[in-house]
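Everything in the first sequence is counted per my numbering, starting at 788 for the first residue and increasing by one.
By construction, the Cβ of each residue, glycine as well, lies at the ideal position given by its N, Cα and C atoms.
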Amino acid sequence: MLVVKDILDNKEKAIAGLKKRNIATAEELINSVIALDTQRKSAISEMENVLAESNQIAKSVGQLMKEGKKDEAEQVKTKAAELRSKSNTLKEDTAVIEEKLQALLYTIPNVPNEIVPDGKTPEENVNIFEHGSIPTLHEGAVPHWDLLKKYKLADFEVGVKITGAGFPVFKRKGAMLNRALINFFLSEAIKAGYEEVIPPLLINEASGYGTGQLPDKEGQMYHCTVDNLFLIPTAEVPITNLYRDEIISADQLPIKNVGYTPCFRREAGSYGKDVRGLNRLHQFDKVEIVQIQHPDKSYETLDNMVEHVKGLLNKLGLPYRILRLCGGDMGFTSALTYDFEVYSAAQQKWLEVSSVSNFETFQANRSKIRFRSGQDKPQLAHTLNGSALALPRILAALLENNQTTDGVNIPEVLQAFTGFNKIS
RNA sequence: GGAGAAGUGGCAGAGUGGUCGAUUGCAUUAGUCUUGAAAACUAACGUACCGCAAGGUACCGGGGGUUCGAAUCCCUCCUUCUCCGCCA
């Protein structure tokens, strides 16, 4: 959530940023925030004045009692009770205003960075980097879903039986390749200085609010209503929330974490070839990198994270491109996002396999993730995260791009992890 | 799941209705002393909000209540510990 003080300091920037997200009412929204904040301040002032007086009197009651002036004490008590009830009313008024402001702020997305391109649709994302050449496949090459079946790497039907659509069961070398990718991604991240964590796969409401899934986007998460817990849509949620309500010493920054988790997404409203095979699943594996960084260094860190993901794709030998997302396609909480897409040669499609974002203080403000340099006052940190990487689409592209007439070749970097070099 | 106990500032640990935002110790920071260090001594040292400031307000696990006044009493939820049961 946006920091009100930042809005007050630079109202025009906030409005311009929201306009970039194609929010027609940007100006109204920001003006409402400012108006509510003004109301809030005066309500608090008024309430606290009454409270201060009330506290004064309450103290004097104690004095009078001690001195044995009972009658006087009784009189003062009546006065105090009046003040108290007045302050209670004011307290309620203040709470109403604060809730309004809070609710409004929850509906406002992050202000995009200056370099975020204008645009409304994914077509307007800007391609900033391409690497690798698109392979020419042999005659009769097939999409990955046929390869999965042919080599018995995954079974969608049995997944439907035990759970439902979108929950494939990986088998044999399919399962092993999946696990090899997880280990490869983890070991690369650890080499790059990330500390591994294995977080819970279920999160509570407070965590959902902390990273921005709640309110509003609860529809994308599976909800265990009996316990009011949510299955994580990404490891970003539990890992970032590790630092919720923490004040981190500045010399601990940056905090770098990596975690492998399954991810669960309800993804309502998808259909057709976009969801075919491994393209879109309700449960999938992902290795996520998360950093908590000093505001002055977060964009440098974002670049580092982009470089890290590039390195992974380079090593896997997959052709890919990097998109700078436009204002209309960026996530609610992000200030700047780079998407990575790999080319899946049989489908002849670009598949999103990573999204690397800087959230600046947006999540930190919700989560109260702060740091302190020396004796300074605590200050909101910047949070960043990125997929490094999401598994199923990588698997799809690897299978499709590396297929030959007599099997699928495993990239060299993975062979140490798979223990085999070919699927046939 | 059953029975008990407990949750106070970075940590330890006082405080059972008023002058307590909270004694004290440790840790931390600065200073004195010292050739340097240690020790000792002195001082500072929670967070948020309102206010130009002086200052004020809130917070003793969360929420609610009683009272002129709550860390302290009551209700409720959460968490931790001990014992029993069950169990990977």
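Alpha-carbon to alpha-carbon, residue j and residue i
i, j, result
"E983", "L973", "8 Å"
"K1212", "I817", "The requested residue 1212 is not part of the displayed model; the chain covers only 788 to 1211."
"L795", "C1050", "38 Å"
"N1145", "R1157", "16 Å"
"L1103", "A1177", "13 Å"
"L978", "V1045", "Going by the sequence as given, residue 978 is Lys instead of Leu. K978 and V1045: Cα-Cα distance of roughly 11 Å."
"D1038", "N1196", "45 Å"
"K866", "G855", "19 Å"
"L1171", "M1008", "21 Å"
"L1182", "N1028", "29 Å"
"Y742", "G999", "A question about residue 742 goes unanswered here, because the residues of the chain that appear run from 788 up to 1211."
"K878", "R827", "11 Å"
"D1014", "L989", "10 Å"
"G961", "Q1080", "37 Å"
"F957", "S1154", "36 Å"
"E910", "Y1107", "17 Å"
"L1105", "Q1202", "16 Å"
"E833", "T876", "11 Å"
Helix, strand or coil at residue i according to DSSP, with G and I counted as helix
i, result
"A928", "coil"
"E833", "helix"
"R1063", "coil"
"T825", "helix"
"T1191", "strand"
"H918", "strand"
"D1126", "strand"
"L935", "helix"
"G1104", "coil"
"L940", "coil"
"V791", "helix"
"T812", "coil"
"N1172", "strand"
"A952", "coil"
Neighbour-count burial assignment, residue i, 16 or more Cβ in a 10 Å radius
i, result
"D1116", "buried"
"A813", "buried"
"N897", "buried"
"E1087", "exposed"
"H925", "exposed"
"R808", "buried"
"H918", "exposed"
"N912", "buried"
"I1019", "buried"
"N1091", "buried"
"A941", "buried"
"A993", "exposed"
"R1111", "buried"
"Q1190", "buried"
"F1149", "buried"
"A1022", "buried"
"N965", "buried"
"P1025", "buried"
"P1179", "buried"
"G953", "buried"
"S1036", "exposed"
Cβ pair residue i, residue j closer than 9 Å
i, j, result
"L1123", "V903", "yes"
"K1073", "P1041", "no"
"S1142", "F1127", "yes"
"A822", "D880", "no"
"Y1130", "A1184", "yes"
"S847", "V837", "no"
"N1188", "A1132", "yes"
"A1175", "H1095", "yes"
"L1186", "V1140", "no"
"P899", "G804", "yes"
The ligand FMN heavy atom lying under 8 Å from the CB of residue i
i, result
"P909", "The model on display carries no ligand, and the ligand FMN is accordingly not part of it."
My parser needs the alpha helix (DSSP H) runs of 4 or more residues fully inside the stretch 998-1057; what are they?
1023-1028
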